[in-house]
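Accompanying notes for the structure given below.
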Amino acid sequence: MAASSFHPVTTPARGRAARPVGTVTRGTTNTNRLRRMDRWIAHALGPVLRSADRPPVAVDLGYGAAPWTAVELSGRLRTVRPDVRVVGIEIEPERVAAALPYAVPPVLTFRRGGFEVPLDGGAPAQLIRAANVLRQYDEAAVAGVWERLCARLAPDGLLVEGTCDEIGRRHVWVALGPEGPRTVTFAARLGGLEQPSDLAERLPKALIHHNVPGRPVHAFLADFDRAWAAAAPYGAFGARQRWVAACTALAGSWPLVDARGRWRQGEVTVPWSALAPQASAG
Numbered sequence: 072m073a074a075s076s077f078h079p080v081t082t083p084a085r086g087r088a089a090r091p092v093g094t095v096t097r098g099t100t101n102t103n104r105l106r107r108m109d110r111w112i113a114h115a116l117g118p119v120l121r122s123a124d125r126p127p128v129a130v131d132l133g134y135g136a137a138p139w140t141a142v143e144l145s146g147r148l149r150t151v152r153p154d155v156r157v158v159g160i161e162i163e164p165e166r167v168a169a170a171l172p173y174a175v176p177p178v179l180t181f182r183r184g185g186f187e188v189p190l191d192g193g194a195p196a197q198l199i200r201a202a203n204v205l206r207q208y209d210e211a212a213v214a215g216v217w218e219r220l221c222a223r224l225a226p227d228g229l230l231v232e233g234t235c236d237e238i239g240r241r242h243v244w245v246a247l248g249p250e251g252p253r254t255v256t257f258a259a260r261l262g263g264l265e266q267p268s269d270l271a272e273r274l275p276k277a278l279i280h281h282n283v284p285g286r287p288v289h290a291f292l293a294d295f296d297r298a299w300a301a302a303a304p305y306g307a308f309g310a311r312q313r314w315v316a317a318c319t320a321l322a323g324s325w326p327l328v329d330a331r332g333r334w335r336q337g338e339v340t341v342p343w344s345a346l347a348p349q350a351s352a353g
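Those letters in the sequence shown? Residues 72 to 353, per the working numbering, in order.
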């Protein structure tokens, strides 16, 4: 997978595809599972949502067997932009039918679809969130799916694709613009975290098989563990202070793109180019 940006598909999907693109995944979900990702999205995409000259559109792609994540995304984004439209998209008709009682048109709707992202009139989205979807695909499929989804973004839009555990304690996600991948964010509930590399089990499909010696993501997590161990004395003031101290040390050798304000949230963000699998090829 290229470390640099890719060229998005030039002809976006128009209208509803006759047959959704993708395969049915397990669909397991829980309330509040994606709260850390949503919090980051509201921060990162807030200026775009607030400045849009018409109600912006956000997509919860593959919300699962229950619509909780779409309902929660709608509520969280409306604190940033009250008229934001959230569209939950699922490939299984039964999941769409089960979600319909929770619809609140026009701010929250549900429909059947897949990676073609069927929106009214073929409109682009300011946000596509695909959480715990590609983890169930082969790694070879990721680049093509990313390209297809990025082609459905508005010029200032964002695709957020990643993985978390069942109750939302540990997340890792990639943020992509229309040009391709930009950043990787690691986020955790710091209470109970033994070391940052515990997040390795939640790496998205594009990275998880590359967490081996000699690859950038493995080197990053190893350095993070060392910084975490060196910051142990700060643990007397709480896990948050220890995380901030570790991130401060890590910034000396890795190009972190966020700062203390986000670190205090239990997050740290790195350019995709620093961790991309092909970067180890030299």
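Heads up, the beta-carbon is just placed ideally off N, CA and C, and yes, glycines get one too.
Inset, instruction - Pull up the CB-CB distance for E232 and A201, whole angstroms please, since I reckon it's below 8 Å. - result: Locating residue 232 in the sequence shown gives position 161, counting from the first residue. Locating residue 201 in the sequence shown gives position 130, counting from the first residue. At roughly 5 Å, the Cβ-Cβ gap stays under 8 Å, so E232 and A201 are in contact.
Legend entry - Within the segment 87-159, ranges of the alpha helix (DSSP H) (whole runs, at least 4 residues): 106-122 and 139-149
Inset, instruction - Within its chain, find whatever has a CB closer than 6 Å to the CB of G86; leave out the 5 residues flanking it on each side and keep chain order. - result: As a first step, residue 86 is located in the sequence shown; it is residue number 15 there, counting from the start. Only weak support exists for where G86 lies, its pLDDT of 43 falling under 50; the coordinates are left without a value.
Inset, instruction - Quick one: grab the DSSP three-state call for A214. - result: In the sequence shown, residue 214 corresponds to position 143, counting from 1. Here A214 sits in helix by DSSP.
Legend entry - C-alpha gap between D191 and V92, whole angstroms: Here residue 191 corresponds to residue number 120 of the sequence shown, with the count starting at 1. Here residue 92 corresponds to residue number 21 of the sequence shown, with the count starting at 1. Their backbone Cα atoms lie some 17 Å apart in a straight line.
Inset, instruction - With 7 Å as the threshold, decide whether the Cβ of W334 is near any Cβ in chain C. - result: Among the protein chains of the structure shown there is no chain C, as only one such chain exists.
Legend entry - A88 versus A345 - alpha carbon distance: Counted from its first residue, the sequence shown places residue 88 at position 17. Counted from its first residue, the sequence shown places residue 345 at position 274. With a pLDDT of 44 at A88, under the threshold of 50, the predicted position of this residue should be treated as unreliable, and no value is reported.
Legend entry - Which residues DSSP lists as bridging V231, in chain order: As a first step, residue 231 is located in the sequence shown; it is residue number 160 there, counting from the start. DSSP output for V231 lists R200 and A246 as bridge partner(s).
Inset, instruction - For I238, collect the residues of the same chain with a Cβ closer than 8 Å to its Cβ; drop the 5 residues on either side in sequence, then sort them by chain order. - result: Within the sequence shown, the letter at position 167 stands for residue 238. Result list for I238: N101, N103 and R104, in chain order.
Legend entry - 8 Å contact criterion, which L247 and C221 should meet: CB distance rounded: To locate residue 247, count along the sequence shown from 1; it is residue 176. To locate residue 221, count along the sequence shown from 1; it is residue 150. Sure, about 6 Å apart at Cβ, within 8 Å.
Inset, instruction - Can you tell me the Cβ-Cβ gap for V119 and R156, rounded? I've got them flagged as a contact below 8 Å. - result: Here the question's residue 119 lines up with position 48 in the sequence shown. Here the question's residue 156 lines up with position 85 in the sequence shown. 14 Å between Cβ atoms; not a contact.
Inset, instruction - Specify the secondary structure class of A258 as computed by DSSP and reduced to three states. - result: Stepping through the sequence shown from its first residue, residue 258 is reached at position 187. The answer is strand: DSSP assigns A258 an E or B state.
Legend entry - Spatially closest choice to R333 from L278, C318 and P326, by CA coordinates: Walking along the sequence shown from the start, residue 333 turns up at place 262. Answer by Cα proximity: C318.
Inset, instruction - Tell me whether the beta-carbon of T256 lies closer than 7 Å to the beta-carbon of E143. - result: Translated into the one-based positions of the sequence shown, residue 256 becomes position 185. Translated into the one-based positions of the sequence shown, residue 143 becomes position 72. No. Outside cutoff.
Legend entry - R297 versus G263 - alpha carbon distance: Numbered from its first residue, the sequence shown carries residue 297 at position 226. Numbered from its first residue, the sequence shown carries residue 263 at position 192. One C-alpha to the other measures close to 18 Å.
Inset, instruction - Look at W244 and M108 and say whether their C-beta atoms are less than 7 Å apart. - result: As a first step, residue 244 must be located in the sequence shown, where it is residue number 173. As a first step, residue 108 must be located in the sequence shown, where it is residue number 37. The answer is yes: Cβ separation under 7 Å.
Legend entry - The beta strand (DSSP E) enclosing R182, as first and last residue numbers: As a position in the sequence shown, residue 182 is number 111, starting the count at 1. Start and end: L179 to R183.
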